[in-house]
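Input: a single structure, listed below in structure tokens.
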Amino acid sequence: MHQSLASLYPQHFSTLLKRADNALALGGFEHLLIAAGTPLRKFLDDQDYPFVVSPHFKHWLPLTDAPGSWIAYTPGSKPKLIFLQPRDYWHVVPQAPQGYWVEHFDIVIVRNAAEAVAQLPAGNRAVIAAACPTQEGVEANNPAAVLDYLHWYRSYKTPYELELMREASRIGTRAHRAAAQAFHAGASELAIQQAYLAAAGQTDAELPYANIVGLNEHCAVLHYTNFDRKPPTHGRSFLIDAGASAAGYASDITRTYAAANGGEFQALIDSVDAAQQGFVSKVRAGQSYPDLHIHAHHVLAGVLREHGFIRMSEESAVASGVTAVFFPHGLGHPIGLQVHDVAGFQQSECGGTIARPAGHPYLRMTRALEPGMVVTIEPGLYFIDMLLEELKAKPQAGEVDWARVDHFRQYGGIRIEDDVVCTDGAPENLTRDAFGLA
Ligand code: GLY
Ligand code: MN
Ligand code: MN
Numbered sequence: 006m007h008q009s010l011a012s013l014y015p016q017h018f019s020t021l022l023k024r025a026d027n028a029l030a031l032g033g034f035e036h037l038l039i040a041a042g043t044p045l046r047k048f049l050d051d052q053d054y055p056f057v058v059s060p061h062f063k064h065w066l067p068l069t070d071a072p073g074s075w076i077a078y079t080p081g082s083k084p085k086l087i088f089l090q091p092r093d094y095w096h097v098v099p100q101a102p103q104g105y106w107v108e109h110f111d112i113v114i115v116r117n118a119a120e121a122v123a124q125l126p127a128g129n130r131a132v133i134a135a136a137c138p139t140q141e142g143v144e145a146n147n148p149a150a151v152l153d154y155l156h157w158y159r160s161y162k163t164p165y166e167l168e169l170m171r172e173a174s175r176i177g178t179r180a181h182r183a184a185a186q187a188f189h190a191g192a193s194e195l196a197i198q199q200a201y202l203a204a205a206g207q208t209d210a211e212l213p214y215a216n217i218v219g220l221n222e223h224c225a226v227l228h229y230t231n232f233d234r235k236p237p238t239h240g241r242s243f244l245i246d247a248g249a250s251a252a253g254y255a256s257d258i259t260r261t262y263a264a265a266n267g268g269e270f271q272a273l274i275d276s277v278d279a280a281q282q283g284f285v286s287k288v289r290a291g292q293s294y295p296d297l298h299i300h301a302h303h304v305l306a307g308v309l310r311e312h313g314f315i316r317m318s319e320e321s322a323v324a325s326g327v328t329a330v331f332f333p334h335g336l337g338h339p340i341g342l343q344v345h346d347v348a349g350f351q352q353s354e355c356g357g358t359i360a361r362p363a364g365h366p367y368l369r370m371t372r373a374l375e376p377g378m379v380v381t382i383e384p385g386l387y388f389i390d391m392l393l394e395e396l397k398a399k400p401q402a403g404e405v406d407w408a409r410v411d412h413f414r415q416y417g418g419i420r421i422e423d424d425v426v427c428t429d430g431a432p433e434n435l436t437r438d439a440f441g442l443a
């Protein structure tokens, strides 16, 4: 069974120390300083945007609410957590750190930014922080050599990180179930979103990205983030792309549902679902992700043909760009501390870029899969007015059954998205495992 976070953390921590040692040596720095960050102030206002901690900071410890705090590491010594606990009776002050990880840090409590900066070691420092606003006495420099190295290795999740990602998936799937129930009960998009948040036990600001909750034609808008207040007269289709956070690790989950009487749309969902599970089964060490994306286009061309939307061969549907009309985004992306995690295009630990295949401008992952990587697999088929109008003007338009395509515009589209771990053997599907537990 799963091990506890407490038992997994020491190995995670020592992995980060080794990576930091190597990154500093590569960049020629003595110290690594990582700012948690500070909230952004709204323009001409006394209100802040929700605080979002630096991904580098939450990589080291499970603290997502520590604005103004710092981690300072010098190879050979115990890392220091400079923890800001302001004297403040207006706001809730962050609790003094406790838990399985605190023994690994020298913890210094400070009361303001100046005290924090005074605790940072002097010398040749790699300062990982948002450039603005800089704190007095310390400038962010974000050295490329250090960041490239750290980002490259962030692709390989430690067992501790995988356990947190399993938890993020458990929270997300619990909330997805509540959202599906709300849809079948006839709720509005806003009411579905509220049911989701309640079941997740997370606020909107805590989620890893803005939820996409669409009914009917809205399922055709890839990043639909309006929430209609009124339920539609007939809820024919429901697409929900919504995740959850666990100590700053993300899940990213999409499901599409048909109304109880929606047989023809359900049949298409079933085909996309079967295709998606086929792609998930190919998340194996050595698999090129862009090749998997192209493979997905061929399989989805088959689905479009089988369901009577196109008459052309699968080869020509892919080659002529017809599949890209119905599947106009990438197959997926790396995920971890950020929903779209870093290093999806990186060539090596020294940086560099692996270009996307021509004609696939939205793919977010061009590397080959290796054990420890976590990626999403999220194929879709959509009926998007703008792209369909463009297709109508092309020579391939004659090979499309427009009556059938037009009939399906009322459903918007389908996306099915799981988070999948590449291992030494069979893939671990975090999302389906979590749905299976509930
Ligand atoms: N929810 C954003 C994505 O699926 O990438
Ligand atoms: Mn998603
Ligand atoms: Mn995604």
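Residue numbers (my numbering): 6 to 443. Heads up, the beta-carbon is just placed ideally off N, CA and C, and yes, glycines get one too.
Coil, strand or helix - residue i by DSSP
i	result
Lys399	coil
Val426	strand
Asp406	coil
Gln199	helix
Ile274	helix
Phe243	strand
Ser353	strand
Trp95	coil
Met6	Confidence at Met6 is low in this model, with a pLDDT of 42, below 50, so the placement of that residue should be treated as unreliable; the coordinate-derived value is given next. Reduced to three states, the DSSP call for Met6 is coil.
Ser59	coil
Asp51	coil
Tyr294	helix
Asp233	coil
Val226	coil
Tyr254	strand
Arg175	helix
Arg414	helix
Gly283	helix
Assigned exposure category for residue i - 16 Cβ within 10 Å defines buried
i	result
His334	buried
Pro362	exposed
Pro432	buried
Pro400	exposed
His17	buried
Val97	exposed
Glu269	exposed
Cys427	buried
Thr358	exposed
Ala127	exposed
Arg420	buried
Thr208	exposed
Tyr54	exposed
Met391	exposed
Asn434	buried
Tyr2	Because the chain is modelled from 6 through 443, residue 2 falls outside the range shown and cannot be assessed.
For residue j and residue i, the rounded distance between their alpha carbons
i	j	result
Tyr367	Asp111	44 Å
Cys224	Tyr78	47 Å
Ala135	His156	16 Å
Ala200	Gly191	12 Å
Val344	Asn129	32 Å
Met6	Glu168	Its pLDDT being 42, under 50, Met6 is placed unreliably by the model, and the measurement read from it follows with that caveat. Approximately 11 Å, taken between the alpha carbons.
Gly307	Val405	14 Å
Asp424	Ser174	8 Å
Asp477	Arg310	There is simply no residue 477 to check, as the chain begins at 6 and stops at 443 in what is shown.
Asp429	Tyr262	33 Å
Arg372	Ala41	29 Å
Ala279	Phe413	20 Å
Val132	Met170	27 Å
Glu194	Gly219	7 Å
Pro237	Leu89	48 Å
Ala118	Gly142	10 Å
Glu172	His61	20 Å
Ala322	Glu383	20 Å
Asp411	Phe440	33 Å
Phe314	Leu202	37 Å
Ala408	Phe350	40 Å
Ile340	Leu396	33 Å
Distance cut-off 6 Å: residue i Cβ against heavy atoms of ligand 1
i	result
Tyr229	no
Asp246	yes
Tyr214	yes
Check: residue i C-beta below 6 Å from any heavy atom of ligand 4
i	result
Thr20	By its list of ligands, the structure shown excludes ligand 4, since it contains just ligand 1, ligand 2 and ligand 3.
Contact test: residue i Cβ vs ligand 2 heavy atom, cutoff 6 Å
i	result
Thr371	no
Asp278	no
Glu168	no
Glu269	no
Glu422	yes
Proximity test, Cβ basis, 7 Å: residue i and chain B
i	result
Gly291	Of the protein chains in this structure there is only one, and it is not chain B.
Ligand 3 heavy atom lying under 6 Å from the CB of residue i
i	result
Asp257	yes
Thr381	yes
Quiz item: Are the segment 24-35 and the segment 175-187 touching, with three or more C-beta to C-beta distances below 8 Å?
Solution: no
Quiz item: Pairing CB atoms from the segment 249-259 with CB atoms from the segment 210-229, are three or more of them under 8 Å?
Solution: yes
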